[in-house]
Structure formats: C-alpha cells, structure tokens
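Engineer: Following this message is one structure expressed as structure tokens.
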Amino acid sequence: MRISHLVSERTKDVPQGANVKSHILLVRAGYIKQVSNGIYTLLPPAQRVSQKIQKIIREEMDNIGGQEVLFPVVMPREMWDKSGRYSSIGAEMLRFKDRTGRDMLLGMTHEEAAVHACQNIIKSYDQLPFMIYQIQTKYRDEARPRAGLIRVKEFTMKDGYSFHTSAEDLEKYYNEVYEAYNRIYTRIGMKNFISVKSDNGAMGGSYAHEFMLLTDIGEDSIVICPSCNARANMEVAVSKYDMPKFEDAPLKEVYTGKAKSIEEVCNFLKIQPNQTMKAVCYAVVGDNKKTVVAFVRGDKEVNEAKLKNVVGGEIVVKDLADTELVKGNIGAVGLKGDNLQIVFDKSLEGLCGLVTGANKEEYHLTGVNMTRDFAGVEYFDIVKVNEGELCPHCGKPLTIKRGIEIGNIFNLDTKYTKSMGMTVAMPDGSLINPIMGCYGIGVGRSLASVAEESADEKGLNWPMAIAPWQVYLCPLRNDDEIVANKAEELYKTLSSKFEVIYDDRKVSAGVKLTDSELMGIPVRVVISPRSLANNEAEITIRATGEKIMIALSELENKLTELCKI
RNA sequence: CGGAAUGUAGCGCAGUGGUAGCGCGCAUGGUUCGGGACCAUGAAGUCGUGAGUUCAAAUCUCACCAUUCCGACCA
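Just so you know, we're using my numbering here: the first sequence kicks off at 149 and counts up by one.
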C-alpha cells in the first residue's frame, strides 16, 4: 500500500474529550473515524487489524469443530417473543417497524437466531454435539458509549452457540472453548488477560466465565486471590470475613438527632460501622409499588448484581420521597408496610448488640439481636467483597483490580431451547431440549484492548500477528532519483513476500519516522542516500527500538526472520 | 436516565453587541531536508438548528438538536 493514497490521516491533535490512550491513538494514527455517538468507521488500517483478529478467531473456532454461519442483523419480533426477551430487554434493543408496520429489531445477540437455525433441522441425539458461530455486526443502543472502541453501540462480534444432550457433554465442550479462548488472546498478542467467574445476567444458565484485560481503565471490578489464583467478577465474588461479637442487650430506642449516615451514627454513638445494620432501598423495574429493603452490615456495600438475583428482577435505587420509610432511620425491627420485600445479608447472621434505625425521625435502636428479633428469616449473600477480606478457597487476603471484558462464555442450559421449543429425539424415543453454551468475543474491543496494552509514548505498537502491515518501507530523501528508484524496486519485490506499507510521500524525514511509530508498524526499513552509499538499509524494531544495519542483499532474509509470528 | 460542560474552516482552538480570526492541515512557487523545516501566495465558514430582543447578534434570551465527561445501566 502506498501511504500517499491511503484513506487515513495522521494528526498531532488529540480528539476533543478523549482521555483513553487507545482512543486517542487510534484516532491520531488514522485508524478510526467517529460517525456518531458510539458509532465508528474502521478506516483501512483498523479494518486490516480487525480482519487479522477475525482470522485467528476463525482458525481457533474451526479447530474445535465450529461451523461458521451468518445470522440476520434484522429479525422479526415474533422470534424474540418466543424467548420472552422482546419484552424483558429494555431500551438497549433497537426496535423499529418495516414498511408493512411489522415490529422488527436489530440483533444485539443471537441465541434466538441460533435456535431457530437448528430447530427442525437437527432432529436426533446422534447429530449432537455441534457448535455454530458467526462473526458479524451487533447493535446495542448503549446508554453511554465511551473510550473509543472500548464501549460502542455498533461493533463486530464473534458469537458461538453449542448444543448438547447432557450437562456433562456441555461442560466438556465448554472447557475446550475455554482453552481456545486462551489461545486466541495469546495469539493476538494480548499479555495481561485473565479469566474470571462471572454473573450469568439475563442470559440465564448456571455458570459463566469472562475474559478480562487487566487495566486501570477497565469498567469491571475483579476480585483476585494472589495466593491461590482464584478470580471472580465483583458481581459474583464471595469472601470470608470476621463475624464480630458484641454484648447482648435488650432493645432500646436512643436519641441520635440529625445523625443519619452510618458514619454520623457511629460518631454519635462511639461505635464501629460493623456494629450497625444499614438499610438500602430499591424499586423493582416494572412494579411501581414494590420496595426492596436490603439490610447489610454497616461496613459493607450492597452488591446490586447479587441482590437482583435474589429479587428476581431489575432493580434501581428507590426514591423514598413517595414512601412511608424514614430516610436515614430505617430499621428492620418492626418494619412493616405493603409491598415491602426485606432481604438480610449473611454478614448479619447471628449477630447481637447491633444498632439500626428506629423507623422514626432522630432515633435509632440499639441491642438488636438477629436470632432473637428475626427468628426464622433467610439470609442471602448480597454484599460486595472488600479489599483485604479473605479468599473463600485458601483463606489468604484478596485484592481488587479493574478489567475490560474482552470475551465471555456461558452455560445457557435449556433457557432458549425450552422457550422456543427445540427438541431432539433420544435413543429411548423421548424428546429433550438440548443444553446450550454460548461464547462471545468482541473483535473491535479486542483490537482496542491490544492497542491499549501495547501502546507507548510514541504511539501504537502492534504485535506482528495482527499488525495492519508488517513492514514500513521508509525512503528518506526520495526526491533523490537513486533513492526513489531503489524504493520503488524494493516496494515491488518486498510486497510479494510481506505486507508492506510504503511511505512514498515527499515529506521530511521527521514526518515519516514519527508516522511509522504512531501507526505502530512492527518493522521499519529505512533507505537513504547515506545507507545506499554502503548498499545497506536500516531496520528498526518498533517494540524495542533496536536498530539493525543490513546489506540490501540480506534484507529479504532478515525480514523473513523478523516477520515470523 | 441523573449531574456537568461544549458546539466558530478538515482537525485543535481564540473571539462578552459593530467588517470572521489563530495554529496545524490543504493548494501553488521557491529554499531546505536522517526526527513533525522555512519564506511567499492562495483556497476553504449558512459561527449546531429555529425563534426572539436590538439600528445591529458568533456574542444576549428561549426552545430544540448534537457531542463530551462523571454516575446509573451494560444479555
């Protein structure tokens, strides 16, 4: 490719409002151009990277028996009514009508399409297991896209779906996919990635993993045990922690005045937060009347993902203005009201001598004894793990890190095959709903994640396996006829063996050299009057900055060695 | 969806009521040129959209739209 004709512009200016490295550099190096909020065009360099990532994904998916398909982007409502997701998914799904007034939608995930594709074609147990996958555009009407390609509305995704006759069979295949994912991320040159246990969310099913790039700009919190290497998304992470012992006492109302928050009440009563019981109130989406009151120990925070699973529906923080609840003085003792659901966290189980709100202004209650005052209630785990609490597996302290989710694998169980009525005949003649697994990788997000991880102060820095071009051919002083002729000759010969971007522009040396670094091309070959005088070229390795002077006759051999993946 | 901000040339920005500006980029000519060269000349704008106030609006008022950041959401 001649850079003079490349549809891509490099610039010194940082895009307005951008503060994430990969976002800034992908724009500055001419890889992407924003069309609208969360919607980007991939310019030629980015599309080349994307296609190399896709090629690696295809190879690994095919390697574990995957069959590539292509589902539609636009689907009719009826397909999604069957699974129940047309109504259960919110504004994130873009809906519209076709010319006849029929309800349609843009695909944001393809479980329904996968079941539709297989049902009635696959009829017998001996056709299972199998896995189908596609690499295609997804559209999710995200409330807040951000950070360039990290979180967008429209993106390319690999999504795969496997079908099995038993849970054991799925688990076996799930582990194969797990290993394939590790190979994919390693092959695209990602270094600091891990897998973590995750929440199934509205996908349903019983177990799931996410693959994460560890980075401070990540949107997810990950709980990691440095000792035994156990890892989980904060949404599902659990820990061991001390259960304090306080002196048992009878219930007693005490004046606390304006003290409302845990901190204020603790200061007022001269106690520690772990001696209090904190109330956090939520509304249930789709049920205006109901209020969920979650009680957790004062030193802990509610984990809304866990609470959502206990409640069995979407929850949002409740505005208490239109309820009977006394904000800042809510307590579980004697708390009554229509449409209240009270959930206790396990951190409270068996404690006594606790302080909680008295359900009236300016008063709290001391001496709360969980066993005595709440006989027979059920306790759920609904709190976030705090840094330093102990690993449930090995008992050592846990740490918390940030990560970007770059892929996930789910056990879907029979959620979709059952709701959509897909059955296969078993050897004994009975019909079962196959068990499904589902496996996603965001291609654009992986691209941005590798960019984020590998870039340095000079610009992007692609691993050889996914670099848009392997070699940056950089003639300096190509106004000189000898240099220009040699460059043209090299461009022709090298292009037959390598992916070459040829800087044929008549601009100063500095511009070419900095552009080659900004674009992150792994190997740069410089020729100039000076090097040609010795029949040499200068090779520079982008990742290390290492410079190698090489005889022109040896150039091809050297490049073959350097471009090896 | 809550909070905050921004919208002026391709990009980054200045411009508080009176002739539309700067830097980069682009075009032409010349001099330079192994780390984002210099000089000269030039092209490029419905100042986000619509209404209002005013003799006069990029500038003041209102509405709308778009974009960005923080948070919520994120299958």
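For every residue, glycine included, the Cβ atom is placed at its ideal position computed from N, Cα and C.
#1: So which of A385, I687 and A295 has the shortest CA-CA distance to G366?
#2: What does K388 pair with, by DSSP beta-bridge criteria?
#3: CB-CB under 8 Å to A635, same chain, minus the five flanking residues each way: which ones, in chain order?
#4: Mind checking D493: buried by the 16 CB within 10 Å criterion, or exposed?
#5: Please work out which residues of its chain come closer than 8 Å, Cβ to Cβ, to K544, disregarding the five sequence neighbours upstream and downstream, and give them in chain order.
#6: What are the residues that DSSP puts in a beta bridge with S369?
#7: Fully enclosed by the region 626-668, which alpha helix (DSSP H) runs are 4 residues long or longer?
#8: At what residues does the beta strand (DSSP E) containing L621 begin and finish?
#9: Near A350, which residues of its chain fall below 6 Å by C-beta distance, leaving aside the five closest residues on each side in sequence?
#10: Cutting at 8 Å between CB atoms, please list the residues of its own chain near R520, excluding the five before and the five after it.
#11: Is it right to say G238 is buried, meaning 16 or more other beta carbons lie within 10 angstroms of its own, or is it exposed?
#12: Name the two residues that bound the continuous beta strand (DSSP E) containing M360.
#13: Starting from the N-terminal side, write out each stretch of the beta strand (DSSP E) that is 3 residues or longer and does not extend beyond the region 458-508.
#14: Is it right to say R121 is buried, meaning 16 or more other beta carbons lie within 10 angstroms of its own, or is it exposed?
#15: How is the alpha helix (DSSP H) around E412 delimited, first residue to last?
#16: For G352, I'd like the list of residues in its chain whose CB is within less than 7 Å of its CB, leaving aside the five on either flank, ordered along the chain.
#17: Could you tell me which residues DSSP pairs with D317 in its beta bridges?
#18: Indicate whether I463 and V433 have their beta-carbon atoms separated by less than 8 Å.
#19: Give a yes or no on contact between the region 294-308 and the region 583-595, applying the rule of three or more CB pairs nearer than 8 Å.
#20: Just to confirm my understanding: we take K301, look at its own chain, exclude 5 residues before and 5 after, and list those with CB closer than 7 Å. What are they?
#21: Pick helix, strand or coil for R292, following the three-state DSSP scheme.
#22: Quick check on A261: buried or exposed, where buried means 16 or more other Cβ atoms within 10 Å of its Cβ?
#23: What are the boundary residues of the beta strand (DSSP E) that V674 is part of?
#24: Less than 6 Å between C-beta atoms, sequence neighbours within five positions excluded: which residues of the same chain meet that for A328?
#25: According to DSSP, is T404 helix, strand or coil?
#26: Is it the case that the region 257-275 contacts the region 571-585, given that we only count it when at least three CB pairs across the two stretches are under 8 Å?
#27: With a Cβ-Cβ cutoff of 8 Å, do V444 and K426 count as a contact?
#28: In terms of alpha-carbon separation, which member of I689, G214 and V531 lies closest to Q282?
#29: What are the boundary residues of the alpha helix (DSSP H) that A194 is part of?
#30: Any contact between the region 338-348 and the region 498-516? By contact I mean 3 or more CB pairs, one from each, below 8 Å.
#31: Quick one: measure Cβ to Cβ for Y322 and I687, integer angstroms, because I've assumed they're closer than 8 Å.
#32: Expressed to the nearest angstrom, what Euclidean distance is found between the alpha-carbon atoms of R158 and S152?
#33: I'd like the list of long-range same chain contacts for Q202, defined as Cβ closer than 8 Å, with 5 residues on each side in sequence excluded.
#34: Nearest to R233 by alpha carbon, out of K160, R196, T285 and S567?
#35: Are the beta-carbon atoms of R379 and V413 separated by less than 8 Å?
#36: Can you tell me the Cα-Cα spacing of E399 and N581, whole angstroms?
Structural biologist: On the basis of the coordinates in this document:
#1: For the purposes of this step, residue 366 is taken as residue 218 along the first sequence, with counting starting at 1. Ranking the options by Cα distance to G366, first place goes to A295.
#2: On the first sequence, position 240 is the one that residue 388 refers to. According to DSSP, which records beta bridges pairwise, K388 is partnered with L538.
#3: Counting from one through the first sequence, the residue named residue 635 turns up at place 487. Here the set comprises L621, P623, N626, Y650, D652 and I675.
#4: As a position in the first sequence, residue 493 is number 345, starting the count at 1. By the 10 Å Cβ count, D493 comes out buried.
#5: The residue labelled residue 544 in the question sits at position 396 within the first sequence. Counting only Cβ-Cβ distances below 8 Å, and skipping sequence neighbours, we find C373, P374, S375, C376 and L538.
#6: For the purposes of this step, residue 369 is identified with residue 221 of the first sequence, where counting begins at 1. Per DSSP, R550.
#7: 629-643 and 657-667
#8: Here residue 621 corresponds to residue number 473 of the first sequence, with the count starting at 1. From DSSP, the beta strand (DSSP E) with L621 extends over V619 to P623.
#9: Your numbering for residue 350 matches position 202 in the first sequence. Because A350 sits at a pLDDT of 45, beneath the cut-off of 50, its placement in the model cannot be relied upon, and the following sentence gives the value as read from the coordinates. There are no such residues.
#10: Your numbering for residue 520 matches position 372 in the first sequence. So the qualifying residues of the chain are C500.
#11: The sequence position of residue 238 within the first sequence is 90, counting from 1. With fewer than 16 other Cβ atoms within 10 Å, it is exposed.
#12: Here residue 360 is taken as the residue at index 212 of the first sequence, counted from 1. A356 to L362 is the span of the beta strand (DSSP E), which, as asked, contains M360.
#13: 463-465, 488-493 and 502-505
#14: An answer regarding residue 121 cannot be provided, because it is not within the stretch 149 to 713 covered by the chain.
#15: Start at 1 with the first residue of the first sequence, and residue 412 comes out as number 264. It spans I410 to L417 - the alpha helix (DSSP H) in which E412 sits, taken as one unbroken run.
#16: Here residue 352 refers to the residue found at position 204 of the first sequence. For G352, the predicted structure reports a pLDDT of 47, less than 50, and the residue's modelled location is therefore unreliable. A value from the coordinates is still provided. Correct list, in chain order: L560, D561 and K563.
#17: Taking the first residue of the first sequence as 1, we reach residue 317 at position 169. DSSP, once it has assigned bridges, lists no residue as partnering D317.
#18: Counting from 1 along the first sequence, the entry for residue 463 is found at position 315. Counting from 1 along the first sequence, the entry for residue 433 is found at position 285. Yes; because the gap between Cβ atoms is below 8 Å, this pair is in contact.
#19: yes
#20: Your numbering for residue 301 matches position 153 in the first sequence. Contacts found: G186, I187, Y287, R288, D289, E290 and P293.
#21: The residue you call residue 292 lines up with position 144 of the first sequence. In the structure shown, R292 sits in coil (DSSP, three-state: anything other than H, G, I, E or B).
#22: As a working note, residue 261 is residue 113 in the first sequence. So A261 ends up on the buried side.
#23: Numbered from 1 along the first sequence, position 526 holds the residue referred to as residue 674. Counting along the chain, the beta strand (DSSP E) containing V674 begins and ends at V671 to I675.
#24: Taking the first sequence and counting its residues from 1, one reaches residue 328 at position 180. Taken in chain order, the residues that qualify are E208 and I212.
#25: Residue 404 sits at position 256 when you count from the first residue of the first sequence. Coil at T404, not helix or strand.
#26: yes
#27: Start at 1 with the first residue of the first sequence, and residue 444 comes out as number 296. Start at 1 with the first residue of the first sequence, and residue 426 comes out as number 278. Yes.
#28: As a first step, residue 282 must be located in the first sequence, where it is residue number 134. When only C-alpha atoms are compared, the closest one is G214.
#29: Locating residue 194 in the first sequence gives position 46, where the first residue counts as 1. Its alpha helix (DSSP H) spans residues P192 to N211.
#30: no
#31: Here the question's residue 322 lines up with position 174 in the first sequence. Here the question's residue 687 lines up with position 539 in the first sequence. In fact, because the Cβ distance is near 44 Å, the residues do not count as touching under 8 Å.
#32: If you number the first sequence from 1, residue 158 lands on position 10. If you number the first sequence from 1, residue 152 lands on position 4. Approximately 12 Å between the Cα atoms of the pair.
#33: The residue you call residue 202 lines up with position 54 of the first sequence. Counting only Cβ-Cβ distances below 8 Å, and skipping sequence neighbours, we find I283, T304, K306 and V591.
#34: Here residue 233 refers to the residue found at position 85 when the first sequence is read from its first residue. Checked all of K160, R196, T285 and S567; the closest Cα to R233 is S567.
#35: If you number the first sequence from 1, residue 379 lands on position 231. If you number the first sequence from 1, residue 413 lands on position 265. Against a cut-off of 8 Å, the Cβ pair of V413 and R379 comes out as no contact.
#36: Walking along the first sequence from the start, residue 399 turns up at place 251. Walking along the first sequence from the start, residue 581 turns up at place 433. Reading off the sequence shown, one finds Leu at residue 399, where the question assumed Glu. Going by the C-alpha atoms only, they are around 54 Å apart.
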